[in-house]
Amino acid sequence: MQQSPVLELQKPIVEIRNVSFGYEAARPVLRDIDLAIERGAVVGIMGQSGCGKTTLLRIIMGALAPTRGEARVLGRATGELDRDALYAMRRKMGMLFQFGALFTDMSVYENVAFPMREHGGLPEELIHDLVMLKLQAVGLRGAAHLTPTELSGGMARRVALARSIALDPQLILYDEPFTGLDPISFGVIVRLIRELNDSLGATSVIVTHDVQEALGVVDYVYFMAAGRVIAKGTPEEIRASPEPFVNQFVNGKPDGPVPFHYPAPEYGADLELAGA
Amino acid sequence: MNRSTIDLWVGVFVVMGFVALIFLALRVGNLASFSTGETYQVLAKFSNIGGLKVRAPVKSAGVVVGRIVEIRFDNESYEAVVAMDIEQAYRFPRDTTAKILTSGILGEQYVGLEAGGDDKMLADGERLRLTQSAVVLENLISQFLFNKAAEGKPAEK
Amino acid sequence: MSRLASVRGQIERLGSGLSSQVWRVGFASRFLAYMLLHSGTALRRFHLTIAEIYFAGVLSLVIILVSGLFVGMVLGLQGYETLQRFGASESLGVLVALSLVRELGPVVAGLLFASRAGSAITAEIGLMKATEQLSAMEMMAVDPVARVVAPRFWGGVLSMPLLAALFSAMGVFGGYLVGVQLIGVDAGAFWSQMQAAVDLRNDILNGVYKSIVFGIAVTWIAVFEGYDAVPTAEGVSRATTRTVVTSSLAILALDFVLTALMFTGGNGQ
Chain G
1 MQQSPVLELQ KPIVEIRNVS FGYEAARPVL RDIDLAIERG AVVGIMGQSG
51 CGKTTLLRII MGALAPTRGE ARVLGRATGE LDRDALYAMR RKMGMLFQFG
101 ALFTDMSVYE NVAFPMREHG GLPEELIHDL VMLKLQAVGL RGAAHLTPTE
151 LSGGMARRVA LARSIALDPQ LILYDEPFTG LDPISFGVIV RLIRELNDSL
201 GATSVIVTHD VQEALGVVDY VYFMAAGRVI AKGTPEEIRA SPEPFVNQFV
251 NGKPDGPVPF HYPAPEYGAD LELAGA
Chain W
1 MNRSTIDLWV GVFVVMGFVA LIFLALRVGN LASFSTGETY QVLAKFSNIG
51 GLKVRAPVKS AGVVVGRIVE IRFDNESYEA VVAMDIEQAY RFPRDTTAKI
101 LTSGILGEQY VGLEAGGDDK MLADGERLRL TQSAVVLENL ISQFLFNKAA
151 EGKPAEK
Chain A
1 MSRLASVRGQ IERLGSGLSS QVWRVGFASR FLAYMLLHSG TALRRFHLTI
51 AEIYFAGVLS LVIILVSGLF VGMVLGLQGY ETLQRFGASE SLGVLVALSL
101 VRELGPVVAG LLFASRAGSA ITAEIGLMKA TEQLSAMEMM AVDPVARVVA
151 PRFWGGVLSM PLLAALFSAM GVFGGYLVGV QLIGVDAGAF WSQMQAAVDL
201 RNDILNGVYK SIVFGIAVTW IAVFEGYDAV PTAEGVSRAT TRTVVTSSLA
251 ILALDFVLTA LMFTGGNGQ
């Protein structure tokens, strides 16, 4: 089914309708997820560790197919794509992995050039110019000759970002981009996410549990818990959310709907005080 | 590391590997003594071949002239039939004798050819009439003992 | 009753262990088939494979050459010791060459290859998996099996026969050094008896076939263990150990099977 490009542009770039997913039928990881990500937005998917947000990300990138429902990314249902169609779709996507996932046997330059070499068939001079352009965008043109082991964590993340935008993607996915960064590197990454999104005309999806940090970057938030979307809205709406779980999470309260104590028998019974 | 350096090393490695293979084939194996030329086949019957094996050499005057290609048992004459390929370059008279010999005491066995005096030369598929079987150690020993016993008898009288 | 239950439990554990092993063999076979089907990149962009020949072959060169030399020298010493009791020390060349070309060359080179190159391949692929480099590649629409695994497989498969040949050649040279130069066996007898007894097809080529089979087995196990490794530091180290153990066992078992097929079937009268 061919759609006109104009219509295509008006539709959300990621559309998740009624998606459920589980490795086993008895224990669903995701339940009835509905979300739509508009073009040009920076959207956060947030929640506690183990709430299913990484699984949702894997569904968006087509690594997993939903058990039920439909996930449409860039206008195509990911679950129905074969390997070639999936790869064709991924060429329009970029992904930043948690710790960068740079290829350790290649220099920074080769890392950024990798996607261009694999897909381009571009002449070497053009690749050189493109790599320099991408590295300049993340401020690391001077580090082109270094190997990934010589980079700090923040620099590695920036190189990985340069690599993930190498093919000018329409959709950029971030998996926990703020983990383990010092405040300066954090500031740099936050700025880059916004700048690259706007200058490339791309759409960004940030999956993270660093709620406070991420709320400053995103335009819109989906808040997940136990496999469901429990809240959504702009950062202001989320901060003001009456939902007790969101409130606990955003403000980092140690006790609340997520209890401080792991479920256990009565304290007294464990200390054998009952008989005394 | 630079790609051309890697290419160089891999080139060196591959050349070394093939040199080793050629060394094994030529110096260790018998490719060099292996004639690629034409051969003709000659048969010989032996009453006992001892430990002769397929691919054993056929020698004449100590020079390898061919190889054993097949050994089978003839059910009519109860003898072993040995087929050998002899290089086309070497011609032998029809009354050539074939003997099964051993190189050294424990060495491998081979077929030795002793040329006769016939004018006609052996042709492909012909059979050598004159053969001498392998010397079997047990037979030799029992013959020796028998002779000793025969020598001893008159002295006892 | 409890004893019966514990026996039953043990049988069940054995059964599930066995079935998971069978499942792994099936998965490994499917993986091999997929890799062979997607070897186009490794062969078309041959410099990828050449780089892996460098890592698997060139970097194993020193250990192979030195071990080959020493194994040959030991064969020379021990062989002479035994042969001279029967007054057959001239056959030293035969003994050294046949044991190397038929058995020790492919087997010992294979074992060394498994522990030097095989473990490195597993560790490298496992580490790439643990640090999400393989996932990153997949997200860039590059098939990691075609781009990372297949070149390593072909690099290993192509290196192994050359390494085994080098090992055998070095071993024969070592035997020559000890037998002829040191002990004083007649050089002419050493070489001529060797040449008379070592057959090109039955001995040398069969040895080469063995090394090809071992190369395929070791590299297959190595890339599979790496690709299938649990993506943590501990998982990678376990996978590396498994590669060395499994491929060593595979070499010895395959060696028996191949020897039985090659040397009893073909050489008989």
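Protein chains in written order, with my numbering: chain G, 1 to 276; chain W, 1 to 157; chain A, 1 to 269. C-beta: ideal position from N, C-alpha, C; glycine also. This one's a predicted model, so the numbers in the text were calculated from it and none came from an experiment.
- Compare the C-beta of G:Gln3 with all C-beta atoms of chain A and state if any pair is closer than 8 Å. Because G:Gln3 sits at a pLDDT of 49, beneath the cut-off of 50, its placement in the model cannot be relied upon, and the point is left open.
- Query: Alpha carbon to alpha carbon, how far is G:Gly40 from G:Gly201?
  - Reply: Distance between the alpha carbons of G:Gly40 and G:Gly201: 6 Å.
- Item | Unbroken stretches of the beta strand (DSSP E), 3 residues or longer, contained in the stretch 134 to 165 of chain A | The qualifying runs do not exist here; there are none.
- Task: Would you verify that the beta carbon of A:Val172 is, or is not, closer than 8 Å to some beta carbon of chain W?
- Result: Closer than 8 Å: yes.
- Item | Option nearest A:Phe190 by Cα separation, candidates A:Val180, A:Asp199 and A:Val198 | Nearest to A:Phe190 by C-alpha distance, out of A:Val180, A:Asp199 and A:Val198, is A:Val180.
- Please compile the residues from chain G whose C-beta is within a distance smaller than 8 Å of the C-beta of A:Thr131. Neighbours of A:Thr131 on chain G, chain order: Phe99, Ala101 and Thr104.
- Task: Give me the Cα-Cα distance between A:Val223 and A:Pro151, rounded to the nearest whole angstrom.
- Result: Put simply, the backbone Cα of A:Val223 is about 10 Å away from that of A:Pro151.
- Query: Based on the DSSP output, what are the partners of G:Phe223 in its beta bridges?
  - Reply: Beta-bridge analysis with DSSP links G:Phe223 to G:Met46 and G:Ala231.
- Query: Do you know how far the Cα of G:Glu176 is from the Cα of G:Arg91?
  - Reply: Separation of G:Arg91 and G:Glu176 (C-alpha to C-alpha, rounded to the nearest whole angstrom) is 21 Å.
- Task: Check each residue of the stretch 153 to 169 of chain A: if its Cβ is closer than 8 Å to any Cβ of chain W, include it; give the result in chain order.
- Result: Residues of the stretch 153 to 169 of chain A whose Cβ lies closer than 8 Å to any Cβ of chain W, in chain order: Ser159, Pro161, Leu162, Leu163, Ala165, Leu166, Ser168 and Ala169.
- Item | Backbone CA spacing between A:Val302 and G:Met61 [nearest angstrom] | Not covered by the structure: residue 302 of chain A. The range shown for chain A is 1 to 269.
- Query: Going straight from the alpha carbon of W:Ser103 to that of A:Arg201, what length do you get?
  - Reply: Computed Cα separation, rounded: 23 Å.
- Message: Please return the same chain residues whose Cβ sits closer than 7 Å to the Cβ of A:Gly266, not counting the five positions on each side in sequence.
- Response: Annotation note: pLDDT 45 at A:Gly266 (below 50); position unreliable, coordinate value reported separately. Within the same chain, A:Gly266 has close Cβ partners Asn202.
- Task: Answer with yes or no whether the minimum CB distance from A:Val230 to chain G is below 8 Å.
- Result: Interface with chain G (8 Å Cβ-Cβ cutoff): A:Val230 is excluded.
- Query: Considering G:Gly94, what are the terminal residues of the beta strand (DSSP E) in which it resides?
  - Reply: Looking at the DSSP string, the run of the beta strand (DSSP E) that includes G:Gly94 is Met93 to Leu96.
- Message: So that I know if they touch, is there some Cβ in chain A lying closer than 8 Å to that of G:Pro183?
- Response: No - not a single Cβ of chain A is within 8 Å of the one on G:Pro183.
- Message: Considering Cα atoms alone, identify which of G:Asp198, G:Leu196, G:Met155 and G:Leu192 is closest to G:Asp182.
- Response: Considering only alpha carbons, the answer is G:Met155.
- Query: How big is the Cα-Cα spacing for A:Gln269 and W:Ala56?
  - Reply: Residue placement at A:Gln269 is poorly supported in this model, since its pLDDT is 34, which falls under 50; the coordinates still yield a value, given next. Each residue's Cα considered, the two are about 11 Å apart.
- Alpha carbon to alpha carbon, how far is G:Gln2 from A:Trp154? Any answer about G:Gln2 is weak, because its pLDDT of 49 lies below 50 and its placement is not dependable; what the coordinates show is given next. The straight-line gap from Cα to Cα measures roughly 42 Å.
- For the putative contact between G:Val246 and G:Phe223, defined by C-beta atoms under 8 Å, what is the C-beta separation to the nearest angstrom? The C-beta separation of G:Val246 from G:Phe223 comes to about 5 Å, placing the pair in contact by the 8 Å criterion.
- Task: Anything in chain A within Cβ reach of G:His128, meaning under 8 Å, just list it in chain order.
- Result: By Cβ distance, chain A contributes nothing, its closest Cβ being about 19 Å from G:His128, past 8 Å.
- Message: Going by C-alpha to C-alpha distance, which of A:Leu83, A:Leu252, A:Ala229 and A:Leu48 sits closest to A:Ile183?
- Response: Considering only alpha carbons, the answer is A:Leu83.
- Message: Quick check: is the beta carbon of W:Arg67 nearer than 8 Å to any beta carbon in chain A?
- Response: Closer than 8 Å: no.
- Message: Using 8 Å for Cβ pairs, my map puts W:Asn30 next to W:Ser133. What's the rounded Cβ distance?
- Response: No, W:Asn30 and W:Ser133 are not in contact; Cβ-Cβ is about 26 Å, not under 8 Å.
- Message: The alpha helix (DSSP H) that contains W:Phe73, what's its start and end?
- Response: Run containing W:Phe73: none in the alpha helix (DSSP H); it sits in the beta strand (DSSP E), Val63 to Asp74.
- Applying a beta-carbon distance threshold of less than 7 Å, which residues of chain D neighbour A:Val142? The displayed structure is made up of protein chains G, W and A, and chain D is not among them.
- Beta carbon of G:Leu30: closer than 7 Å to some heavy atom of the ligand NAP? As for the ligand NAP, it is missing from this structure, which has no ligand bound.
- Query: How many Å lie between W:Ala89 and A:Leu59 at the Cα?
  - Reply: Rounded to the nearest whole angstrom, the C-alpha separation of W:Ala89 and A:Leu59 is 49 Å.
- Task: Take G:Asp270 and list the residues in its own chain whose beta-carbon comes closer than 8 Å to its own, dropping the five residues that flank it on each side.
- Result: If you ignore the 5 residues before and after G:Asp270, its C-beta comes within less than 8 Å of the C-beta of Ala264, all in its own chain and listed in chain order.
- Task: Just tell me which of A:Ala123, A:Ile251 and A:Ser29 has its CA closest to the CA of A:Ile212.
- Result: The shortest C-alpha separation from A:Ile212 is found at A:Ile251.
- Item | Contacting positions in the stretch 26 to 59 of chain A - beta carbon closer than 7 Å to chain W | Along the stretch 26 to 59 of chain A, going in chain order, the ones with a CB nearer than 7 Å to a CB of chain W are His47, Ile50, Ala51, Ile53, Tyr54, Gly57 and Val58.
- Work out the CA separation of A:Leu18 and A:Val214 for me, nearest whole Å. Reading off the sequence shown, one finds Phe at residue 214 of chain A, where the question assumed Val. Between A:Phe214 and A:Leu18, the C-alpha separation is close to 24 Å.
- Item | Helix, strand or coil at G:Ala276 [DSSP, three-state] | At G:Ala276, the pLDDT of 46 sits below 50, so the modelled position is not reliable; the number obtained from the coordinates is stated separately. In the structure shown, G:Ala276 adopts coil according to DSSP, grouped into three states.
- What does G:Tyr87 touch in chain A if you count any residue whose Cβ is under 7 Å from its own? Under the 7 Å cutoff, chain A gives Ala141.
- Item | Nearest residue (CA-CA) to W:Val54, options W:Arg27, W:Val65 and W:Met84 | It is W:Met84 whose Cα lies nearest to the Cα of W:Val54.
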